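**Student:**
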Amino acid sequence: GTGDMGNLPVIRTLATMAHDCRRAELFQRELLAALQIVQRGDLPLRDMIGAYAGEIGQTQFLPSSYIKYGVDYDGNGRVDLRHSVPDVLASTANLLKANGWRAGAPFGEGTTNFEVMREWNRAVVYRKTMVLFAERLTGP
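Final position of the sequence shown in my numbering is 140; the numbers increase by one with none missing.
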């Protein structure tokens, strides 16, 4: 499975946050990016379901990151970060590479790669969790 991708309507969530939030400007930009995802045909409106701050898909991209880093790796003509594992993996790799990820370099706290993950998620606890999962997958 793909885990929990959220169950909130992204457009409505972002519209609310763009109007009634201390970071209204940020969420106004994210709302426009979310509408662009629908407009260009990447996801239909019914699939614009996500987390509490409008994050979409298996790796929880904000709509602006979806637009900026999304890759149609399966070649079906659209970027689908909810249903297409190839698109999800290629888009996540694209985000990391574009922000300076160094393959084979350490990625724990205090490293350049750990800071690169900040573009994906600013929360230190989230990045530490990703490092823990990666270490469990690859071994010490």
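Backbone N, C-alpha and C define an ideal beta-carbon position, used for all residues, glycine too.
Source: prediction; values computed, not measured.
Alpha helix (DSSP H) containing Gln36: first to last residue?
**Tutor:** Looking at the DSSP string, the run of the alpha helix (DSSP H) that includes Gln36 is 24 to 39.
**Student:** Between Asn7, Gln58, Asn94, which has its C-alpha nearest Ala51's C-alpha?
**Tutor:** The shortest C-alpha separation from Ala51 is found at Asn7.
**Student:** Go to Val125, then tell me how far its alpha helix (DSSP H) extends in each direction, as first and last residue.
**Tutor:** Counting along the chain, the alpha helix (DSSP H) containing Val125 begins and ends at 124 to 138.
**Student:** Taking Leu62 as the reference, give the member of Asn113, Phe114, Trp120, Val71 with the closest Cα.
**Tutor:** When each option's Cα is compared against that of Leu62, the closest is Trp120.
**Student:** Could you tell me which residues DSSP puts in a beta bridge with Ile11?
**Tutor:** Ile11 pairs with nothing; no bridge assigned.
**Student:** When you compare the CB positions of Arg122 and Asn113, do they come within less than 8 Å of one another, or not?
**Tutor:** Going by C-beta atoms, Arg122 is not nearer than 8 Å to Asn113.
**Student:** Answer yes or no: do Asp87 and Leu81 have a C-beta to C-beta separation smaller than 8 Å?
**Tutor:** Yes. Within cutoff.
**Student:** Once you ignore the five residues that flank Ile67 on each side, which residues in its own chain have a CB closer than 8 Å to its CB?
**Tutor:** The residues are Ala33, Gln36, Ile37.
**Student:** Looking at the unbroken alpha helix (DSSP H) that takes in Val116, where does it start and where does it end?
**Tutor:** Segment 112 to 116, the alpha helix (DSSP H) holding Val116.
**Student:** Alpha carbon to alpha carbon, how far is Leu26 from Gly77? Give it in angstroms, no decimals.
**Tutor:** Computed Cα separation, rounded: 28 Å.
**Student:** Whose CA, out of Thr59, Ile56, Ser91, lies closest to the CA of Asp72?
**Tutor:** Closest by alpha carbon: Ser91.
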